[in-house]
Amino acid sequence: MNDTSSDKTTDPLADPGARKPRVAVVFGGRSSEHGISCVTAGSVLAAIDREAYDVVPVGIAPDGRWVLESDEPARLAIRGSDLPRVDAGRSPVALMGAATGTDLVVAEPASVPSVIGEVDVVFPLLHGPWGEDGTLQGMLEMAGVRYVGSGVLASAIGMDKAYMKVVLQAAGLPVTPGIVVTRTELEQDPIGVRARVEELGFPSFAKPARAGSSMGISKVHDASEVDAALEEAFRHDPKVLVEQSMEGAREVECGVLGTLEGPPETSRPGEVRTGGDHEFYDFEAKYLADQHTEIDIPADLPAEVEQELRAMAVRAFEALSCEGLARVDFFVMPDGSVVINELNTMPGFTPTSMYPQLWAATGMSYPDLVDRLVQLALRRDTGLR
Numbered sequence: 001m002n003d004t005s006s007d008k009t010t011d012p013l014a015d016p017g018a019r020k021p022r023v024a025v026v027f028g029g030r031s032s033e034h035g036i037s038c039v040t041a042g043s044v045l046a047a048i049d050r051e052a053y054d055v056v057p058v059g060i061a062p063d064g065r066w067v068l069e070s071d072e073p074a075r076l077a078i079r080g081s082d083l084p085r086v087d088a089g090r091s092p093v094a095l096m097g098a099a100t101g102t103d104l105v106v107a108e109p110a111s112v113p114s115v116i117g118e119v120d121v122v123f124p125l126l127h128g129p130w131g132e133d134g135t136l137q138g139m140l141e142m143a144g145v146r147y148v149g150s151g152v153l154a155s156a157i158g159m160d161k162a163y164m165k166v167v168l169q170a171a172g173l174p175v176t177p178g179i180v181v182t183r184t185e186l187e188q189d190p191i192g193v194r195a196r197v198e199e200l201g202f203p204s205f206a207k208p209a210r211a212g213s214s215m216g217i218s219k220v221h222d223a224s225e226v227d228a229a230l231e232e233a234f235r236h237d238p239k240v241l242v243e244q245s246m247e248g249a250r251e252v253e254c255g256v257l258g259t260l261e262g263p264p265e266t267s268r269p270g271e272v273r274t275g276g277d278h279e280f281y282d283f284e285a286k287y288l289a290d291q292h293t294e295i296d297i298p299a300d301l302p303a304e305v306e307q308e309l310r311a312m313a314v315r316a317f318e319a320l321s322c323e324g325l326a327r328v329d330f331f332v333m334p335d336g337s338v339v340i341n342e343l344n345t346m347p348g349f350t351p352t353s354m355y356p357q358l359w360a361a362t363g364m365s366y367p368d369l370v371d372r373l374v375q376l377a378l379r380r381d382t383g384l385r
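Quick note: the sequence shown uses full-length UniProt numbering, first residue 1, plus one each step.
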C-alpha cells in the first residue's frame, strides 16, 4: 500500500508561529461544468481542516465575475436534478499584488475596497475551459500565487483530448484510435468528414475535444447518426474528437497523487459499470443516477494487469508534466491489454466522484487527501520550476 501519511506544516516561506495559511477555494466558472464545479467545492469546503487553514470561498459566476461566496457547503450540493450555481449578486473580489504577496480584496460598489488578507494558496476547483485548461493557472503564475494542481502546460494539454493523445503516443503509451473534426471542416467538406468518420468504423463516440463530465458525448451506431452526434458535440466545442468504441472493454480509473518527496503515488484502480438506460458513462450516470451506476473499488483485475495499469498512470502523469493530482482513465480489453482513454488534471471531488473514492479505498481519507494537495501547493515555487 502507498504511504498516505500527511504532514501539516505551514507555508515553508512563513515564519514559525505565523498565522494559518490562507486557502482561497475558487469554483464555478464560465464553462458548461459550472454546476459540477460548485458541487466539488462544496465537498472540499466541508472537508478542509479549519484548524489548520483559513479558508475563503471565491465563486466565479457564469459571466466571469469573481465574488466572495458564502461558506455554506450544504448550499452547493445537488438537489434532485438541480445543480447549484455561484451567487453572482454577492460582493465582488479580486486578487491584487501587495508588497508581501497577493491580497484578496473585496470591492463593494461606492465604498473603499477592503482587504481580506494575503492568499497563500488557491485551490482551483474549476472544470472545463476558462479554469481547468491553463487559463486560470497562467493568471495565478503571473500573480505569483501558489495553487493546487498542474501548471499551465499540463492543464492545457489535459483539457484538449486531441493533443493529449499526441503527447501520450509520443511517450509510447497506447491510446484509443480517433480523428479530429472541426466545425469549419464540416462546413467546407461535409462529405469528406462523414467519409473519415465512417472509415474509423462503428460504433464510435463523438465528444467535444475540450470539455468534461461527459457533456456533449454521443455514441454513434451507424452513418445515419453522424450528423446529429457531431452537432451535439459542437454545442460545447468547435473541435470534436471521434473515437472508436472499445467494444467489450472494461472502464477502469486510477488516481495519481504527488508526494512531498519522491515520485507520485497511485491508488488502487476502480471499475465503473453502467446499466439501465445508460449505454455509457454519461453525465447523468456520473452525477444524477446512482442506481444505474455500479463502482467496484478495487477493480477485480489480475495482479499483473493492475500493476501495468498503475505504472502506465504514472507514465501518463509524467508525460504531461502533471503536478499534484490527476485521474487516468483506461480501457481494459477482453484480452487483458490496457489502453488509455484520457487523463484529467482536476478530477471531480463530488461525494460520488471516483478520485476521492479511489484514495479512500487505498487508505487515505477525504480530509487527508485535501490536506495533502494543499501541502503540496504550499511547497511549490511560482514561475518556472
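Beta carbons are placed, not taken as given, at the ideal position from N, Cα and C, and that holds for glycine.
Computed from a prediction, not measured in an experiment: that's the story for all the values here.
Range of the contiguous beta strand (DSSP E) that encloses residue i
i      : result
Arg310 : It is not in any beta strand (DSSP E) - Arg310 instead sits in the alpha helix (DSSP H) that spans Ala303 to Ala319.
Glu271 : Gly270 to Thr274
Ile295 : Thr293 to Asp296
Asp54  : Asp54 to Ile60
Leu343 : Val338 to Asn344
Phe205 : Ser204 to Pro208
Leu68  : Trp66 to Leu68
Per DSSP, cross-strand counterpart(s) of residue i
i      : result
Met215 : Bridge partners of Met215: none, in fact.
Pro41  : For the sequence presented, residue 41 should be read as Ala rather than Pro. DSSP output for Ala41 lists no bridge partner at all.
Gly29  : Per DSSP, none; premise fails for Gly29.
Pro263 : Answer is none; Pro263 lacks a bridge partner.
Ala326 : Val256
Ala24  : Val56 and Val122
Arg146 : Val121
Ile179 : Val242
Val197 : According to DSSP, which records beta bridges pairwise, Val197 is partnered with nothing at all.
Val332 : Arg250 and Val338
Cβ neighbours of residue i in the same chain (closer than 7 Å, five flanking residues each side left out)
i      : result
Asp160 : Ala209 and Arg210
Leu369 : Pro356 and Trp359
Ala14  : In this predicted model, Ala14 has a pLDDT of only 49, less than 50, meaning its place in the structure is not dependable enough to derive any value.
Val112 : Because the pLDDT at Val112 is just 46, under 50, the model does not fix this residue reliably, and the value given afterwards should be weighed accordingly. Result list for Val112: empty, nothing under 7 Å.
Leu373 : Val148, Gly324 and Leu325
Ile340 : Leu168, Leu173, Pro174, Val175, Met312, Ala316, Val328 and Phe330
Gly192 : none
Other residues of its chain near residue i: CB distance less than 6 Å, five sequence neighbours each side excluded
i           : result
Ile157      : Tyr163, Met164, Val167 and Leu320
residue 389 : Lying before the first or after the last residue shown, residue 389 is absent from the chain, which here runs from 1 to 385.
Arg183      : Phe234 and Pro238
Ala223      : Glu198
Gly348      : Thr40
Asp296      : Glu271
Lys20       : Tyr53 and Asp54
Leu376      : Gly258 and Gly324
Met346      : Glu132 and Gly149
Val152      : Gly134, Gln137 and Gly138
Beta-carbon proximity check, residue i vs residue j, cutoff 7 Å
i      : j      : result
Pro92  : Val67  : yes
Leu186 : Ala206 : no
Val122 : Ala24  : yes
Arg268 : Pro298 : yes
Trp130 : Gly29  : yes
Gly324 : Val44  : no
Glu33  : His127 : yes
Val252 : Phe202 : no
Pro263 : Phe317 : no
Arg22  : Asp71  : no
Ala46  : Pro73  : yes
Leu241 : Val180 : yes
Gly42  : Ala18  : no
Cys322 : Ala171 : no
Val86  : Ala61  : yes
Asp343 : Cys254 : Note on identity: in this sequence residue 343 is Leu, with Asp being the wrong assignment. It is not a contact, given that the beta carbons lie outside the stated cut-off.
Segment limits, alpha helix (DSSP H) that includes residue i
i      : result
Ala154 : Val152 to Met159
Leu186 : Arg183 to Gln188
Beta-carbon contacts of residue i that lie in its chain and below 8 Å, excluding the five residues immediately before and after
i      : result
Ser337 : Pro174
Thr102 : Leu95, Met96, Glu118, Val119, Ala143, Gly144 and Val145
Thr177 : Per the sequence presented here, residue 177 reads as Pro, with Thr not at that position. Around Pro177: Leu200, Glu243 and Gln244.
Ala361 : Ser267, Arg268, Gly270, Ile297 and Pro298
Gly64  : Arg30 and Trp130
Pro84  : Gly35, Cys38, Val39, Gly42, Arg75, Leu76, Ala77 and Ile78
Glu247 : Pro203
Query raised in the report: Curious, which full-length beta strand (DSSP E) runs of at least 3 residues does the segment 79–134 contain?
Result: DSSP runs (the beta strand (DSSP E)) wholly in the segment 79–134: 93–98, 101–106, 114–118 and 121–124.
Report task. Taking only runs that begin and end inside the segment 349–382, name each unbroken alpha helix (DSSP H) of 4 or more residues, in chain order. Result -> 354–362 and 366–378
Report task. Any chance you could list the alpha helix (DSSP H) runs of at least 4 consecutive residues sitting entirely within the segment 218–260, in chain order? Result -> 226–234
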